[in-house]
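Peer 1: Here it is, the structure, as structure tokens.
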Amino acid sequence: MYRDDRNRYNNTKSLQEILSDIVDSPALSRGIKESRAIQAWPIVLGPSVARITTQVKFYKGVLYVNLNSSIIRSELLMHKTKIIESLNREAGGKVVYDLVIR
Numbered sequence: 013m014y015r016d017d018r019n020r021y022n023n024t025k026s027l028q029e030i031l032s033d034i035v036d037s038p039a040l041s042r043g044i045k046e047s048r049a050i051q052a053w054p055i056v057l058g059p060s061v062a063r064i065t066t067q068v069k070f071y072k073g074v075l076y077v078n079l080n081s082s083i084i085r086s087e088l089l090m091h092k093t094k095i096i097e098s099l100n101r102e103a104g105g106k107v108v109y110d111l112v113i114r
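Throughout the sequence shown, residue numbering follows my numbering, covering 13 to 114 in sequence.
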């Protein structure tokens, strides 16, 4: 029996198109932006703050950061809104809504 494969080949996509569709899906796109926000922490705040940072976590729009220095912690809290804006810019969208520095 002869099968008509012409329709099957008309609906093909390149690998680049398939990967683009996957990455652009809302759930994965948000996860990628959240990951970028975590990776942006040492970029935005520099190597000196990165050295005293012990942990960076992201949960439900809040970036949790643990630091070893109480002096730097209080200094960063004064610039919280500016840090959030910079992290969102680096992440490529608004994903960080709050910043908790411990």
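We put the beta carbon where it would ideally sit given N, CA and C, even for glycine.
Using the DSSP secondary-structure output, state which residues sit across from I113 in a beta bridge.
Peer 2: For I113, which the question treats as bridged, DSSP gives the partners V77.
Peer 1: Under the DSSP definition of a beta bridge, which residues are partnered with T65?
Peer 2: Looking at the DSSP assignment, T65 forms a beta bridge with L79.
Peer 1: Can you tell me whether I118 is buried or exposed, with buried defined as 16 or more other CB within 10 angstroms of its CB?
Peer 2: With the chain represented from 13 up to 114, any question about residue 118 goes unanswered, as that position is not in the structure.
Peer 1: Please name the residue, chosen from L111, I64 and Y76, that lies closest to K90 on a Cα-to-Cα basis.
Peer 2: Per the sequence presented here, residue 90 reads as Met, with Lys not at that position. Answer by Cα proximity: L111.
Peer 1: Tell me which same chain residues have a C-beta within less than 6 Å of the C-beta of S81, skipping the five on either side of it?
Peer 2: Closer than 6 Å at Cβ, skipping near neighbours: I64.
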